[in-house]
Each structure stands twice: as C-alpha cells, then as structure tokens.
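A.B. asks: Residue numbers (this note's numbering): 30 to 472.
Beta carbons are placed, not taken as given, at the ideal position from N, Cα and C, and that holds for glycine.
Computed from a predicted model, the values in this text were never measured in an experiment.
Please read through the structure below; I'll follow up with questions.
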C-alpha cells in the first residue's frame, strides 16, 4: 500500500475532489466493479473498509457503494493523510476482505493556516453530443462549481487547537434521456404494420377487422375506436423527434434533456486539547448532504421543462472522539468513540398519484389492454416499479475501540478490541419486479 499526505492529495487529479478516488491509483486495484467503489486484490468493492480517525465510516448498507459514499465527508481538503493497505493487513484490520483505507483529519497548530479554493467546469468549452445534434436537441447545461475553505490554528497556544472545513457544490446539470412515444397515426387510433410483402398496411381501430380469429372480427363492434381515456393519455405525451428509436410505425423515440441539479454541502470541525503532556483529547464533528434528482422517473408532458419526479437524497453525520495516553516511554493507549449515521432516501412519485398529475383521477399512466403488444411504449409519467419506487435507508455505527501498543526492544506488540452496534432501518414500496409498459387498448 501507500501513504499520501495532504499536499500530494490536493495536486493529484480527482474529478470529484474526493479522497476515495485515489484508491484506484494503488497497486492491485481496479476501478468500478460491483457498485462503484473499485475492487482491491480481487475482492468486491463493498468489501473495502474506510477508517477515519480510528472509526469506521464506510457505507455499510446501500449495496456495493463501498467507499464512494462514506458516512463522513472525506474531500481532499478535509483529509491530512491517506493510507491504503491492499493485501495482507495486520490484526488491526480484518473486518473485510478488500482494501483497508485509513484516513486522518487535519489538526490545528500554533500557527494560523488556511486555504480557499474554487473549481469550475463550463459547458461553453464543450461540444454538443452527436445524438443531440442529429435530433436538434440543444446542448445540456454544465456549470459545475465546487468551492470551500479550511482554517486551523490555536485557541490556546501549546494547549488547545482547532481546525474546520466547509465545502459546497452547485451543479445545475441537464441529463440526456430517451423515451418511446406513440406516432401521430397511433394517436388517431390507426395501427400500422408491415405485411408479408413488405407493404405498410393501416388498420383504423374503429372499422378494421384486424382482431379475432382469421381477421374476420371487428376490432371495435361499437365503432368507437381508441378509448377516450387512452387518447387523453396519448395527448399528454410529446411528439417524437428521433426516428432511430421505436418501431417506426406505431412508436417513435423522443430525445431530450432533463434538469437534475446537484446540491452538495459538507462541514467538518476538529478540536484538540493537550490535557497534560502525556494525555491528549480530540473531538471531531462532520455533516454532509448530497441531493441528486434522478431521471429514472420523468414527467415529459412539457418538452421545454422536463421534470424528474424521483430524487436520491443522502445525508451523513458523525461524531468522533478519542483519548491518547502515553503511559510510559514504551506503553501507549488509544481509545476511540464514534457515532456515525447515514440516511439514504430514494424518493419516487407513487403511481396512485400519477392520475391526478395527468388530470385523469382514478387512473395512472400504465395502459392495461388487449390487442397489440406495444410494451416498449413509455408513459407521460413513469410508473414502473423500478422507476417509481421509494426506498428509505437508515443505518448507524456506534463504535467503541481501545488499542494498547507496547514496544519492547525490536518488538512492537499491539493488542485491543472494539465493540460495534449497527442498527438499521430499511423501508421500500416496490416488489423489485419489472412491470410491462403500456399496451394499446380499446377500452
């Protein structure tokens, strides 16, 4: 493994300014893998463990995130030292099979030191995508701003010190998406198919005999054609603009950009006090929030203002404290207490509320039907289980640890133990199944 100090971390390229990105620069690691945390020595990314000031701040619950989202902010300006062990860890570790990452937060000194920073990315320097250019969709907005400051110094020289960091990120991004919508002929109740000779044949639902055995039964004996409810739902959908999607006869693609601004804030503060020359106390508090709209569930009725109806909101908080006691010249005892909390809410719009949004109370935008299967057709507002689901995760790590180091000649003996309480809450309203999309209906 390797040890990186803050000066190196600030100068190494990290696109998200997060110390966890440096994991993939270590030997025996690969980026990505299960989740997005990176694999170490062949172990899955959710087997990585991250320790901050002696307390585990790994994401323990949200399925493979590994160290990408930690329960305490670990930006490169909020970390003083980054140490990685990729294989053969000693007995101080061993909770998991992957990488063992230990971080130390900065501490104040007798001198006042600080840093102010601002990182900016701008779409004015980027070209539009080929797909957007082809379909006449404007370039997505990209003005990513990340700014913050750190400050540390003495409260009482040689005795008490402070350090703090505050960082914000504002990213008013536009994300590209595609949907499958009905063609103009389908909206009017006319289905089109290719016969055996390759000819395109139109079948008006009100008068054709497409339905029934041998094509002798009228699709709608009443002669009404497309259901008024289905017609009203179709009118909520925008006209298609991408002929490379859909079947080209009854369905067509719609390509656009959805506004999904990111909001990210972190704050960290550390307090150090020398009780005596041999006994030192440290305390650290941190909080972070990451609010991210998701384009899995969209309202595409207004093409000029496509709205995400689902958001992933994550919040983490931690309190870490410790006592280090130099018992004798060759005996050192270190005690740590940590209270770490993670809140991860994936909030979707319930399908039962979609009918009201569409102005069709008592319905949602999923079309049950008989007749022609058009399961690839999307809805004006997505209601499939995986698009509209809500998941609420709450987990905490309450940890006590104590380690004693004994130095005897050339030998260094370390022993101790820890206790963890890991309560969690998991609430969801989906069946983890995929519902078929709408099917064109007569009634």
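With which residues is residue 150 paired in a DSSP beta bridge?
C.D. replies: Bridge partners of residue 150: 173.
A.B. asks: Got a sec, what are the start and stop residues for the beta strand (DSSP E) residue 36 sits in?
C.D. replies: Note, residue 36: premise wrong, no beta strand (DSSP E); alpha helix (DSSP H) at 35 to 40.
A.B. asks: Could you pull out every residue in the same chain whose Cβ sits closer than 6 Å to the Cβ of residue 33, ignoring the five residues on either side in sequence?
C.D. replies: Correct list, in chain order: 111.
A.B. asks: At 4 residues or longer, and completely inside the segment 96 to 139: list those alpha helix (DSSP H) runs for me, N to C.
C.D. replies: Taking only runs of at least 4 residues, no alpha helix (DSSP H) segment lies wholly in the segment 96 to 139.
A.B. asks: Where does the unbroken alpha helix (DSSP H) through residue 231 begin, and where does it stop?
C.D. replies: Looking at the DSSP string, residue 231 is not in any alpha helix (DSSP H); the run it does join, the beta strand (DSSP E), is 229 to 233.
A.B. asks: At a cut of 8 Å, does the segment 211 to 223 reach the segment 180 to 190 through at least three beta carbon pairs?
C.D. replies: Taking 8 Å as the limit for Cβ pairs, the verdict is that the segment 180 to 190 does not touch the segment 211 to 223.
A.B. asks: Over the uninterrupted alpha helix (DSSP H) stretch that includes residue 162, give me the two end residues.
C.D. replies: Where residue 162 is concerned, the enclosing alpha helix (DSSP H) stretches over 159 to 164.
A.B. asks: Taking only the alpha-carbon atoms, compute the straight-line gap between residue 413 and residue 444 and give it to the nearest angstrom.
C.D. replies: Taking the straight line from one Cα to the other gives about 53 Å.
A.B. asks: Going by the beta-carbon positions, is the gap between residue 143 and residue 191 smaller than 8 Å?
C.D. replies: Their beta carbons are not under 8 Å apart, which means residue 143 does not touch residue 191 by this criterion.
A.B. asks: Give the range of the beta strand (DSSP E) segment to which residue 418 is assigned.
C.D. replies: Residue 418 -> no beta strand (DSSP E), and no H or E assigned at all.
A.B. asks: Report the rounded CA-to-CA distance for residue 333 versus residue 258, giving the unit in angstroms.
C.D. replies: Their Cα atoms are separated by approximately 25 Å.
A.B. asks: Whose C-beta lies closer than 8 Å to the C-beta of residue 228 among residues of the same chain, with five residues either side of it excluded?
C.D. replies: Nothing meets the Cβ criterion.
A.B. asks: Just how far apart, CA to CA, sit residue 230 and residue 265?
C.D. replies: Between residue 230 and residue 265, the C-alpha separation is close to 27 Å.
A.B. asks: For residue 86, which of helix, strand or coil comes out of DSSP?
C.D. replies: Residue 86: coil per DSSP, three-state reduction.
A.B. asks: Rounded to whole angstroms, what's the CA-CA distance from residue 452 to residue 300? Just pull it up for me.
C.D. replies: The alpha-carbon atoms of residue 452 and residue 300 are separated by roughly 28 Å.
A.B. asks: Apart from the five residues just before and just after residue 447, which ones in its own chain have a Cβ nearer than 7 Å to its Cβ?
C.D. replies: The answer, listed in chain order, is 428, 429, 430.
A.B. asks: Could you tell me the distance, in whole angstroms, from the CA atom of residue 135 to the CA atom of residue 108?
C.D. replies: Cα to Cα, the separation comes out at about 6 Å.
A.B. asks: Tell me whether residue 407 sits in a helix, a strand or coil according to DSSP, three-state version.
C.D. replies: Coil at residue 407, not helix or strand.
A.B. asks: Over what stretch of residues does the alpha helix (DSSP H) that includes residue 260 continue unbroken?
C.D. replies: From DSSP, the alpha helix (DSSP H) with residue 260 extends over 257 to 264.
A.B. asks: What's the call for residue 327, buried or exposed, on a 16-neighbour Cβ count within 10 Å?
C.D. replies: The residue in question, residue 327, is buried, as its Cβ has 16 or more Cβ neighbours within 10 Å.
A.B. asks: Assign residue 304 to buried or exposed, taking buried as 16 or more other Cβ atoms, counted over all protein chains shown, within 10 Å of its Cβ.
C.D. replies: Residue 304 is exposed by the Cβ-count criterion.
A.B. asks: Measuring alpha carbon to alpha carbon, tell me which of 368, 406, 366, 338 ends up nearest residue 376.
C.D. replies: That would be 338, whose Cα lies nearest to the Cα of residue 376.
A.B. asks: Would you identify the three-state DSSP class for residue 55, choosing helix, strand or coil?
C.D. replies: Looking at residue 55 - three-state DSSP - the assignment turns out to be coil, as it is neither helix nor strand.
A.B. asks: Would you give the residue range spanned by the alpha helix (DSSP H) that residue 214 belongs to?
C.D. replies: Residues 213 to 216.
A.B. asks: Please classify residue 455 as buried or exposed, where buried requires at least 16 other C-beta atoms within 10 Å of its C-beta.
C.D. replies: Per the 10 Å Cβ criterion, exposed.
A.B. asks: Could you name the residues of the same chain whose beta carbon sits closer than 6 Å to that of residue 367, not counting the 5 residues immediately before and after it, in chain order?
C.D. replies: These residues qualify, in order along the chain: 84, 349, 428.
A.B. asks: Rounded to whole angstroms, what's the CA-CA distance from residue 309 to residue 352? Just pull it up for me.
C.D. replies: Near 6 Å, if we compare the C-alpha coordinates of residue 352 and residue 309.
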